[in-house]
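What follows is one structure encoded as structure tokens, with my remarks underneath.
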Amino acid sequence: MNGVLRRGLEEKQQLELIYMADKGKISHRVIRVVSIKEETVLAYCYTRKTVRSFKLANILSVTPYNKWKKYKKTP
Numbered sequence: 000m001n002g003v004l005r006r007g008l009e010e011k012q013q014l015e016l017i018y019m020a021d022k023g024k025i026s027h028r029v030i031r032v033v034s035i036k037e038e039t040v041l042a043y044c045y046t047r048k049t050v051r052s053f054k055l056a057n058i059l060s061v062t063p064y065n066k067w068k069k070y071k072k073t074p
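Here the sequence shown is numbered in numbering that gives the first Met the number 0, starting from 0 and rising by one per residue.
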């Protein structure tokens, strides 16, 4: 996971993030990493349209963002 975050920072690419907030709520975000610290990632969040801090321990999944990816609808 840290490798994807570091590559996103170096290449200034958008990443897709699945994150668990403090109250246990799962959220899906599209971010651009600004900096990486020991326990947090500072990133511009395209969902909230502002810079946000994300705890590394609460990041469940991170992948390069593919805006052309289509999701299958389940019946």
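Ideal placement from N, C-alpha and C gives every residue a C-beta, glycine not left out.
Beta-carbon contacts of residue i that lie in its chain and below 8 angstroms, excluding the five residues immediately before and after
| i | result |
| --- | --- |
| Ser75 | Absent from the model: residue 75. The displayed extent of the chain is 0 to 74, so no value can be given. |
| Asp21 | Asn57 |
Residue i, enclosing beta strand (DSSP E) - first and last residue
| i | result |
| --- | --- |
| Leu59 | 58 to 63 |
| Arg51 | 49 to 54 |
Supposed contact pair residue j and residue i - C-beta distance, whole angstroms, cut 8 angstroms
| i | j | result |
| --- | --- | --- |
| Arg31 | Lys11 | 7 angstroms |
| Leu14 | Tyr64 | 6 angstroms |
| Val61 | Leu16 | 5 angstroms |
Sequence-distant residues of the same chain with beta carbon closer than 7 angstroms to residue i, five excluded per side
| i | result |
| --- | --- |
| Leu55 | Glu38, Thr39, Val40 |
| Gly0 | Note on residue identity: the sequence assigns Met, not Gly, to residue 0. The answer, listed in chain order, is Ile58, Val61. |
### Query
Fully enclosed by the stretch 7 to 40, which alpha helix (DSSP H) runs are 4 residues long or longer?
Within the stretch 7 to 40, no complete alpha helix (DSSP H) run reaches 4 residues.
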